[in-house]
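Everything on this sheet refers to the single structure shown next.
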Amino acid sequence: MTADVVEEFRLAGLEVVPAERFAGEPFGAGMQRLAIPSVPRESIYLHVYRTAEQARSEASRIDRSGNLEPESGPPRVHVDYASTVHFYYRDRIIAKFGGCNDGVKAVMATLFGPPVVVTNSTCWTLWGNR
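Numbered per numbering that gives the first Met the number 0, the sequence shown spans residues 0 to 129.
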C-alpha cells in the first residue's frame, strides 16, 4: 500500500522517498517515514492499518495534542511534539505531516482531505518553510 501512496504523491506533484520504518506508538500500526527531498527538514509518516475500521477508530480518538485517547483505561504512551503536526485519515491510513510547508499541506489535503487534528504546537519560521 505504501508504494501506491508514494505514487499518488508523485502524481500530485510532490516527490517523496520511503525511508525508515518505526514502531507506531502511541498508534496501533507501525509507521513508514516518507522523506520529502524538496523540504528536507519535514517528513510525512504513514500508519497503514489492516482494516479501515481500525484506522477510523484510532483517527477518531486523536486528541488536540496529537495523542491517541485509549478506548478504555489510561493512555499507553504520551508524545510531546516539538512542532506542528497535521493528522489526516483515509481508508486504512492515518498520515502525519510534521511541518508547516504550505505546498506539502496542499498535497496532503488533496490526497487525504482536511486534517482531522492539527496540534497546538508552533510552526518555526526560522527554517523558512512557510
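We treat Cβ as the ideally placed atom computed from N, Cα and C, and that holds for glycine. No experiment lies behind these values; they were computed from the predicted model shown.
Residue i (DSSP reduced to helix, strand or coil)
i: Phe111; result: helix
i: Ser42; result: strand
i: Ala81; result: coil
i: Val47; result: strand
i: Val106; result: helix
i: Ala22; result: coil
i: Arg55; result: helix
i: Trp126; result: Because Trp126 sits at a pLDDT of 45, beneath the cut-off of 50, its placement in the model cannot be relied upon, and the following sentence gives the value as read from the coordinates. Helix, per DSSP.
Whole-angstrom distance between residue j and residue i, CA atom to CA atom
i: Leu67; j: Ser37; result: 30 Å
i: Arg60; j: Glu7; result: 26 Å
i: Glu156; j: Arg91; result: Here the chain has residues from 0 to 129 only, and residue 156 is not among them.
i: Ala28; j: Arg9; result: 24 Å
i: Gly72; j: Gly12; result: 43 Å
i: Ala22; j: Met30; result: 6 Å
i: Asn119; j: Gly112; result: 20 Å
i: Arg129; j: Pro39; result: Model confidence at Arg129 stands at a pLDDT of 43, short of 50, so the residue's coordinates are unreliable and nothing is read from them.
i: Gly102; j: Glu70; result: 35 Å
N-terminal and C-terminal residue of the alpha helix (DSSP H) that residue i is part of
i: Leu10; result: 1-10
Close beta carbons around residue i, own chain, < 8 Å, minus the five adjacent residues each side
i: Pro25; result: Asn66, Leu67, Pro74, Arg75, Val76, His77, Val78
Start-to-end residues for the beta strand (DSSP E) that takes in residue i
i: Phe96; result: 92-97
i: Arg32; result: 30-34
Same chain only: Cβ atoms within 6 Å of residue i, ignoring 5 sequence neighbours per side
i: Asp62; result: Glu68
i: Val106; result: Ala11, Leu13
Close Cβ partners of residue i (< 7 Å) along its chain, the five nearest in sequence each way excluded
i: Glu57; result: Phe26, Gly27, Leu67, Ile93
i: Val117; result: Thr83, His85
i: Pro114; result: His85, Phe86, Tyr87
i: Ser42; result: Arg32, Leu33, Ala34, Ile35, Gly97
i: Pro17; result: Thr1, Val5, Gln31, Leu33
Any non-hydrogen atom of the ligand NAP within 7 Å of residue i CB
i: Phe21; result: Absence of the ligand NAP is noted for the structure shown, with no ligands found whatsoever.
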